[in-house]
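Just so we're aligned: the sequence shown equals residues 12 to 536 in our numbering.
Using N, Cα and C, we set each Cβ at its ideal position, and we do this for glycine too.
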Amino acid sequence: MRLFVVRRFFLKGCACFSFAFVWSACTHTVDMTREKAGFIVTNLGPSVNTNADEVAPILSPGGSYLLFTSNRPWGAGKSKSDRLFRTTASEEGWSVPEYVALDGGDARQGAMSVEDSQRRAAFARCFDPQGVGDCDIFFLVRSAAGSTELSHPGFPFNNPEWDSHPALTRDGNTIVFASERDGGYGNSDLWVAQRMPDGSWGTPRNLGNTVNTRGEEKSPFLRGDGDTLYFASDGHGGYGGLDIFRSVRVNGVWGKPVNLGPPLNSDEDDAFLSGNEAGDTLFFCSRRGGGFGGFDLYSAVRRKPPPSPIVERTSRPLTVRYTVKNAFTLDPIPAVVTYIPEGGEEIRLQAGNDGRAETTVECGRAYTVTGAYPGFAAEVDSFFYPAGLEGVRDRTLLLTPVIEKTRKLYSFVVEFDFDLFNIRPEERKNLDSVARLLLQYPNSTVVVSGHTDSVGTEAYNIRLGYNRAREVSRYVERYLLSRVASLRNPIEIRTYGESEPIAPNATAEGRQRNRRVEIAIIRNE
C-alpha cells in the first residue's frame, strides 16, 4: 500500500460486538528501540506488527490494552479489509491481537475514539448502506442497562466526500475529525462539531487555516478538556511526509502548530499519536525504517531526566553565519537563507549584498539550512553544535549556476507520487536506461535535479526535491556498481523545489507533472 492508500482508504474495516468487550510495558530487542529527547521509542514487535499496515492506536481508559486498525489478511477468505484489533499489555509484552467485531457486519471500519465514561464511541466505517459518502463516522452508544445502539448522524454531519479519523473529547460533547468535504483549505482538513442538548450533532465547522493547510491534515487526538490537539500533516513542513504536530487552544483560538520533532517524527510518514492522560506514554504509527512492513505501531515512553546541577550561565548564544557564493566565481550572492531547527519553526533570512545571513542558534539542536537564488540550483546544508559553545561559526553555501540547458545531450524525467521520494516501480525502466547509457559514456557529467509541486512551504519543497534527486542518484549508482562500473565525475545533485514548474499547479495533472526529477547527461568527450 502506498501512502495515498493509507490517507484515502484505510480506516474502513469489522462486525457485531458487545461494546463492553471493546472497553471491558514490555521488552523488545535493542534494534527496535530509539532514545532521544527524553523519549524511548519502541516498535511494538512482531506479535503486533505485520507486513501490512497497523495504524490508529488508542489506549483503553484503564491503560490495560490497545485498540488499533489493520488491513492484515483475516478470516476464512483472508480478505485485506481494514478491521479493528485489540492487544493486551503484560510483563511479557504485547499479546497476539484479537479481532474485535462491531455491530453491522464485516464492513471496512476502524479508527475508534471513546469518551471517558465509556458510554459513547465514534469510529469510521466505509461503504455502509446508511452512509452519506464512501466513508462516514458512526457512533456506538451504550445505555445504562448495558445495551448498545449503532447510530449514523446523517447529513450534514457526514458528507458525500470522505469523513474519517474521529477524536472525541473526554466528555464526548465535542468531536474533531478529518474530511475531504468542500469548504476546506486542502486535500483533507480537520473539522469540529458539538453535541446538542438533545443528543444530536451540530453542523461541523472547519478548524481554520492556522491548523489546516493546502496539504493533508489527519489523525486528530484531543487531550484533556479538548484544548490540546495532536494531528498529522504534510503541509506545515517537517522531517518526512506526514509529521505529528501539536496545537493548543487559548481563549477559543487554536495556536500555531508545533512539530514534535524526532524521535516521534522521522524521515518517513508518522501519524495517529495518542496516549495516556499524563502524556508520559504515547502510541503512534510510522513507516520509518527498521519495522516489519507498511505502517507499524510504536510506543514512546518519556524518561524522567536526572536533576540538573545548578550552574551559573555565563556563555553567550552561538551565532551561525552563512556566506552564499557562486560555486564557480566565488562572488557573493544575496540569496534567501532558511534555517530550520529540529522540531521548531523555520527562520527565513535575506542575505545582504555580501552574501551573508546570520542568526543565533541553540546548541545541542540539529539545523537544516537551504540557500536559494534565481538562476542557481538551491543548496542544502545541515549542522549540529554541542552544548557549551559560544561566539560565531562561519559556514558557506556554494550555489551552482544553471548552465547545462544549452549543453545537455540526453535528458530523462522521473515522476513521483505526492509528497514522496521513493521511486515508483514503473519508473525504474527509465532509470535503467540512464544507467545503461552511462555504461557507454562513463566520462559524462550527470546533473540530477529535484522538483516538486507547489503544495507545502518553499523550504519544505526544497528539501523534498533534494530527497527525490538523492534517491535517483543512489539508484543509478547502485546499478552501475552491480555492473562493476563507476563514473569518472560524481553525480551532481540539485534541488529547485517548486520554483521551476513545467505545468500549472492549479490542476492535479499539472501538479503530477511537476513532481519530478530531471536527469541531464552532458557528454564530455
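Asked	Found
Expected contact under 8 Å - CB spacing of E503 and V457 to nearest Å	7 Å
Sub-7 Å separation of R299 and S285 beta-carbons	no
Span of the beta strand (DSSP E), counted from its first residue to its last, around L450	That residue, L450, is in no beta strand (DSSP E); its alpha helix (DSSP H) goes R439 to Q451.
CB of R485 within 7 Å of CB of A388, strictly	no
Cβ neighbour criterion (16 or more within 10 Å) applied to N364	exposed
C-alpha distance - G197 paired with T61, whole-angstrom precision	32 Å
Three-pair Cβ contact test at 8 Å for the segment 98-105 versus the segment 61-80	yes
3-residue-minimum beta strand (DSSP E) runs that sit fully inside the segment 322-357, ordered along the chain	329-337 and 347-352
Through-space distance from F96 to S90, alpha-carbon basis	15 Å
Backbone secondary structure at N525 - three-state DSSP	helix
The segment 504-518 in contact with the segment 469-486 per 3-pair CB rule at 8 Å	yes
Where Y378 sits in the DSSP three-state scheme	strand
Alpha carbon of S211 to alpha carbon of P436, nearest angstrom	48 Å
V52 (DSSP reduced to helix, strand or coil)	strand
One or two residues paired with F242 in a DSSP bridge	F256
F242 and E227 closer than 7 Å at C-beta	no
Test: T185 CB closer than 7 Å to a CB of chain C	The structure shown has no chain C; it contains just one protein chain.
Cβ-based neighbour list, Q523, same chain, cut-off 6 Å, excluding 5 preceding and 5 following	none
Local conformation of E369 per DSSP, three classes	strand
Where I513 falls, given that 16 or more other Cβ within 10 Å makes a residue buried	exposed
The segment 434-451 contacting the segment 399-406, beta-carbon criterion three pairs below 8 Å	no
Where S497 sits in the DSSP three-state scheme	coil
Whole-number beta carbon distance between R94 and G121, since they are thought to touch under 8 Å	6 Å
Three-way DSSP call (helix, strand, coil) for G476 in this model	helix
For R206, three-class secondary structure by DSSP	strand
Beta-bridge partners of K229, as assigned by DSSP	A243
Bounding residues of the beta strand (DSSP E) (the contiguous stretch that carries P177)	D174 to L179
Bounding residues of the beta strand (DSSP E) (the contiguous stretch that carries P274)	Here P274 belongs to no beta strand (DSSP E), and DSSP marks it neither H nor E.
Exposed unless 16 or more other CB atoms sit within 10 angstroms - verdict on N220	exposed
Secondary structure of A519, DSSP reduced to three states	helix
Residues near A135 in its chain [Cβ-Cβ closer than 7 Å; skip 5 each side]	L22, K23, Q120, G121, A122, C146, I148, S175, H176 and P177
Outcome for P328 when other beta-carbon atoms lying within 10 angstroms are tallied against a minimum of 16	exposed
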